[in-house]
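What follows is a short report on a single structure.
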Amino acid sequence: MKNNYLLALLSAFILWLAWPPIPFSSIFLFIGFVPLLIGCERVMRSTLTKKGKKIFTLAFITGFFWNTASIYWVFNAMNAYLPTWISILISLIPFGLAPLLMAIVFRLYYQLRKRNSIFLSSLGLVSFWITYEYLHQMWDLSFPWMTLGNGFANFHQLIQWYSITGVYGGTLWIWLINLLVFLVVWQRISKTTSVSTKKLLISISAAILVPSVLSIIQYTTYEEHINPSEIVVVQPNIDPYGKFGSIPPEEQLQNLISLSDRVAKPNTEYFIWPETAISARGRIDEEEFRTHAAYDQITNFLEKYRNGNVLSGIESIRRFAYQATPTAQPYGNIFIDSYNAAVLVDGSSKLQFYHKSKLVPGVERMPFGGALSFMKPLFDHFGGTTGGYGSDPAPTVFYSASGIGAAPVICYESIWGDYVAQYVKQGAQFIAIVTNDGWWKNTSGKDQHLQYAKLRAIENRRWVARSANTGISGFINQRGDIIQKTAWWTPTALSQEINLNEELTLYTKLGDVLVYLSLIGSLLSVVLLLKPKSK
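Per the UniProt record's numbering, numbering through the sequence shown is continuous, rising by one, with the last residue being 535.
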C-alpha cells in the first residue's frame, strides 16, 4: 500500500507542476492523474479489505497536496493579520474541501468499477468530476479556482475552442487523455491486452493533436473586427492592509486622478480604477454620492475628456426604512446594507452601480445562513462587514453616454466563466476586471488570477482591461494574449486602444452545455449504482 501512497503523491506533484503560473507546463495535465489511477487500480485488484476507503484516501492525498501547493497563498493572506495557528485552521478549508469532493468522486468511481466495465466506469468518473467542479462553484463554499480547465491558462494557444466549450471542455480533454494513457500503462504493467495498444496510442495522439492543431489554426487566423476604443487602467499600489486606515481616502483619490492623467489621451473613453478605489470613512451612501467631495473631484477630472467615463470599485451603502435585504443591519431606527460595488461616473448626473454578486465565503459573506457567524471577527481585517455584504442577483452592464457596454467584474467574480458570459450576453463589448490582489502579497495567487482572465477573453472574444490595486494590471486581447501588463507593487497606469466586439461566441450563447451532459451522465451512473446486482 505504501507504493500506492507514493503514486498519489506523484500525481499531486505532476498536477502542481502543470498548474499556472509555471509557463507552458500545462501539457503535464494530460498525465497528472495516471499515477493515481494506477494506484486505485492496484487497490481494486488486490486482496486488501476496505478498498473503497483506501481509494478515497489516495484521491484525497493527491487532491490535498496538489491544492495546497497551488493555493498556498491563502495562508499568506490570513497570516498577515491572524496568528499562525488560526491561519492554518482557516486555510485548511480551501486546502481540504475540494480534495474531499475529489475523493468522493473516486469513491463513486470505485463503486461503479465493482459492477461495470472500465469504459462505463470511466464515463461515470468524468461525469462525476465535472459535476463536482460545477457544484463547487454554486454552493455556499464555492471556490472554483482549481477547476481543471483553468490549468491551460498559461498555454492559451491550445484552447481557443473554449469559445465553444468553456473551461469544462478543458476538464473533459484532460480526463480523456489521462484515461487513455492509463489504459496503455496499465496493460503494460498487468501484461494484458484488452484493447490494442496500437489503437490506444493512435487515440492518444489524435486526442492531443486534433484539438491542439484546430486551436492553433484558430489562434493564428483569428482577426478582430476594427472597432477601437481608448481605455486606461490604473494601478495605485496602495497597501490593502493600510488602505482602510492610515491613508486618507482623499489622498488615494488624488493619486488615482494623477496616474490617470499621465497616460490619458483626449479620446480616452474609459478610466478603470481598482476594487474599492473610491472609499470614505464610514462608506459612501449611493443616494448621496453626487453630494460627496469625491464625486466632484471625479467629474472635474472628466471635464478634460469629452467622452470620458470612470469605472471604479467603490465601498458603498444603502439605507432602508426596514430590513429590505437579508444582509441589511439595524442602525438606530434604519437599516444599512454594505456593498463591495462598482460605479460608473460619466460626467453627467447619471450614476450606475453594480454590487458584487460572487462574494468570498467568510470574508464577504457567511456561508450556510450564518451558521459560521462565530468566525466573523476573524475576517474584519480583510474589508468584510459584520453582517456580510449585500449583493446583486445578476450581472449589470455599464453603458457610457456614447453607448459602449462594459462588464464590471469585481475580483473573485472573474473565475466564473458562465457568470462573465452573462455580462456579454447582456451587451458588454469589453470586460473590465477591478480587483485588489494585494492581500496575497507577492505570491503565485496574483499571477494565477491574471492568467485566468485570459480564459474569459477567449470564451467571449472580448478584450479584458484589468485594474489591480497592487498588480498585476493589464490588457488582454480577444485571443487571450496579454498585450500590456504592469509590474507587481508599482504605482502606474496603462493606456491601450482595444477593439470592442458585439458578436457572441457559441459559449456565450449556450453556456456550460458540457455541465448539463455531465449531470445526465452522473444521474445515469447513480442509477447503475442503485441497480441491484444480477445473480
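Cβ coordinates follow ideal geometry from the N, Cα and C atoms, glycine included.
Name, in chain order, the residues that DSSP records as bridge partners for F475.
Here residue 475 refers to the residue found at position 475 of the sequence shown. Paired residue(s): A465, Q484.
So K356 and S391 are in contact, right, with Cβ under 8 Å, and what is the actual spacing, rounded?
Taking the first residue of the sequence shown as position 1, residue 356 is located at position 356. Taking the first residue of the sequence shown as position 1, residue 391 is located at position 391. Indeed, because the Cβ distance is near 6 Å, the residues count as touching under 8 Å.
How close, in whole Å, do the beta carbons of F95 and T68 come, if the pair is a contact with beta carbons under 8 Å?
Your numbering for residue 95 matches position 95 in the sequence shown. Your numbering for residue 68 matches position 68 in the sequence shown. The C-beta distance from F95 to T68 rounds to 5 Å, short enough to fall under 8 Å.
Would you check if there are 3 or more beta carbon pairs closer than 8 Å linking the stretch 300–313 to the stretch 276–285?
As far as the Cβ criterion goes, the stretch 300–313 touches the stretch 276–285, which means the pair count is three or higher.
Counting along the chain, where does the beta strand (DSSP E) carrying F128 start and finish?
Position 128 of the sequence shown, counted from the first residue, corresponds to residue 128. Not the beta strand (DSSP E): F128 falls in the alpha helix (DSSP H), residues 118–135.
Buried versus exposed call for I238 [16 or more other C-beta atoms within 10 Å across all chains shown]
Numbered from 1 along the sequence shown, position 238 holds the residue referred to as residue 238. Buried.
How is F320 classed by DSSP in three states: helix, strand or coil?
Position 320 of the sequence shown, counted from the start, is the residue given in the question as residue 320. F320 falls in the strand class under three-state DSSP.
Our contact map puts A18 next to V233 with C-beta atoms below 8 Å; I'd like the distance itself, whole angstroms only.
Residue mapping note: residue 18 aligns to position 18 of the sequence shown, counting from 1. Residue mapping note: residue 233 aligns to position 233 of the sequence shown, counting from 1. Rounded, the Cβ-Cβ distance is 30 Å, inconsistent with contact.
Going by the CB atoms, is the gap between R456 and S414 shorter than 8 Å?
Reading the sequence shown from its first residue, position 414 is the one you call residue 414. Reading the sequence shown from its first residue, position 456 is the one you call residue 456. A Cβ-Cβ contact shorter than 8 Å links S414 with R456.
Given a cut-off of 8 Å, decide if V397 and I431 are closer than it, judged by their beta-carbon atoms.
The residue you call residue 431 lines up with position 431 of the sequence shown. The residue you call residue 397 lines up with position 397 of the sequence shown. A distance of 8 Å or more separates the beta carbons of I431 and V397.
Buried or exposed, going by whether 16 or more other CB atoms sit within 10 Å of the CB of S26?
By 1-based counting over the sequence shown, the position of residue 26 is 26. S26 should be labelled buried.
Could you check how far apart the C-beta atoms of P330 and L141 are, in whole angstroms? I think they sit under 8 Å.
For the purposes of this step, residue 330 is identified with residue 330 of the sequence shown, where counting begins at 1. For the purposes of this step, residue 141 is identified with residue 141 of the sequence shown, where counting begins at 1. About 28 Å separates the beta carbons of P330 and L141, which is beyond the 8 Å limit, so they are not a contact pair.
How about E497 and R461: do their beta carbons lie closer than 8 Å?
In the sequence shown, residue 497 corresponds to position 497, counting from 1. In the sequence shown, residue 461 corresponds to position 461, counting from 1. In this structure, E497 sits away from R461, with a CB-CB distance that is not shorter than 8 Å.
Give me the Cα-Cα distance between T325 and D337, rounded to the nearest whole angstrom.
Position 325 of the sequence shown, counting from 1, holds the residue named residue 325. Position 337 of the sequence shown, counting from 1, holds the residue named residue 337. Those two C-alpha atoms are separated by around 8 Å.
Exposed or buried, which one is G384 when buried takes at least 16 other CB atoms within 10 Å?
Translated into positions along the sequence shown, residue 384 becomes position 384. Low confidence applies to G384: its pLDDT is 47, below 50, so where it sits in the model is not reliable enough to give any reading.
Could you check whether F30 and I208 sit closer than 8 Å to each other, using their CB atoms as the reference points?
In the sequence shown, the residue the question calls residue 208 occupies position 208. In the sequence shown, the residue the question calls residue 30 occupies position 30. Yes, they are a contact pair.
Does DSSP put E250 in a helix, in a strand, or in coil?
Locating residue 250 in the sequence shown gives position 250, counting from the first residue. Residue state, collapsed to three classes: helix.
Could you check how far apart the C-beta atoms of I174 and L214 are, in whole angstroms? I think they sit under 8 Å.
Mapped onto the sequence shown, residue 174 falls at position 174. Mapped onto the sequence shown, residue 214 falls at position 214. By a beta-carbon distance limit of 8 Å, I174 does not contact L214. Their separation comes to about 17 Å.
Cβ distance (whole Å) where G124 is taken to contact S525 below 8 Å:
Along the sequence shown, read from residue 1 onward, the residue named residue 124 stands at position 124. Along the sequence shown, read from residue 1 onward, the residue named residue 525 stands at position 525. With a contact defined as Cβ atoms closer than 8 Å, G124 and S525 qualify at about 4 Å.
Below 8 Å CB to CB, which residues in the same chain sit around P491 once its five sequence neighbours on both sides are set aside?
By one-based count along the sequence shown, residue 491 stands at place 491. Excluding sequence neighbours, P491 sits near Q235, P236, N237, N255, L259.
Shortest alpha-carbon distance to W463 belongs to which of Y72, D481, H449?
For this step, residue 463 is matched to residue 463 along the sequence shown. For the residues Y72, D481, H449, the minimum Cα distance to W463 belongs to D481.
To the nearest angstrom, how far is it from the Cα of K531 to the Cα of E224?
To locate residue 531, count along the sequence shown from 1; it is residue 531. To locate residue 224, count along the sequence shown from 1; it is residue 224. If you take the alpha carbons of K531 and E224, they lie about 53 Å apart.
In whole angstroms, give me the CA-to-CA distance for A421 and S212.
For the purposes of this step, residue 421 is taken as the residue at position 421 of the sequence shown. For the purposes of this step, residue 212 is taken as the residue at position 212 of the sequence shown. About 24 Å.
Tell me which residue opens and which closes the beta strand (DSSP E) that T443 is part of.
Your numbering for residue 443 matches position 443 in the sequence shown. Going by DSSP, T443 is part of no beta strand (DSSP E) at all; its letter is neither H nor E.
Selection from Q137, E250, C40 that minimises the alpha carbon distance to A111
Along the sequence shown, read from residue 1 onward, the residue named residue 111 stands at position 111. The sequence given here places Gln at residue 111; Ala does not occur at that position. For Q111, the nearest C-alpha among the options comes from C40.
Assuming N4 is part of the beta strand (DSSP E), what are its boundary residues?
Indexing the sequence shown from 1 puts residue 4 at position 4. N4 -> not in any beta strand (DSSP E); alpha helix (DSSP H) instead, spanning 2–18.
Please state if the CB of R479 and the CB of S473 are separated by a distance shorter than 8 Å.
Position 473 of the sequence shown, counting from 1, holds the residue named residue 473. Position 479 of the sequence shown, counting from 1, holds the residue named residue 479. Going by C-beta atoms, S473 is not nearer than 8 Å to R479.
Identified DSSP bridge partners for H355:
Here residue 355 corresponds to residue number 355 of the sequence shown, with the count starting at 1. H355 is bridged by DSSP to A341.
Ignore the nearest five residues each way along the sequence and tell me which others in L523's own chain have a CB closer than 7 Å to its CB.
Position 523 of the sequence shown, counted from the start, is the residue given in the question as residue 523. Excluding positions up to five away in sequence, the list is empty.
So, helix, strand or coil for G405, using DSSP?
Start at 1 with the first residue of the sequence shown, and residue 405 comes out as number 405. Residue state for G405 is assigned as strand, using DSSP reduced to three classes.
In this structure, what does DSSP give as the bridge partners for residue 538?
Residue 538 lies beyond the stretch modelled for the chain, which goes from 1 to 535, so this question has no answer here.
Whole-angstrom C-beta distance between I314 and P293, which should lie under 8 Å:
Here residue 293 refers to the residue found at position 293 when the sequence shown is read from its first residue. Here residue 314 refers to the residue found at position 314 when the sequence shown is read from its first residue. Pro is not the amino acid found at residue 293; the sequence shown has Ala there. A Cβ-Cβ distance of about 14 Å is found for the pair A293 and I314, leaving them out of contact under the 8 Å criterion.
Confirm, please, whether the CB-CB distance from W416 to Q157 is below 8 Å.
Mapped onto the sequence shown, residue 157 falls at position 157. Mapped onto the sequence shown, residue 416 falls at position 416. Not in contact: Q157 and W416 (Cβ atoms no closer than 8 Å).
Quick one: what's got a C-beta closer than 6 Å to C411's C-beta in the same chain, skipping five residues either side?
One-based indexing of the sequence shown puts residue 411 at position 411. These residues qualify, in order along the chain: E275, T435.
Tell me whether Y516 is buried or exposed, calling it buried when 16 or more other Cβ atoms sit within 10 Å of its Cβ.
Looking up residue 516 in the sequence shown gives position 516. Here Y516 is exposed: its Cβ has fewer than 16 other Cβ atoms, across all protein chains shown, within 10 Å.
Member of F106, N300, Y134, L135 whose CA lies at the smallest distance from the CA of S122
Start at 1 with the first residue of the sequence shown, and residue 122 comes out as number 122. Nearest to S122 by C-alpha distance, out of F106, N300, Y134, L135, is F106.
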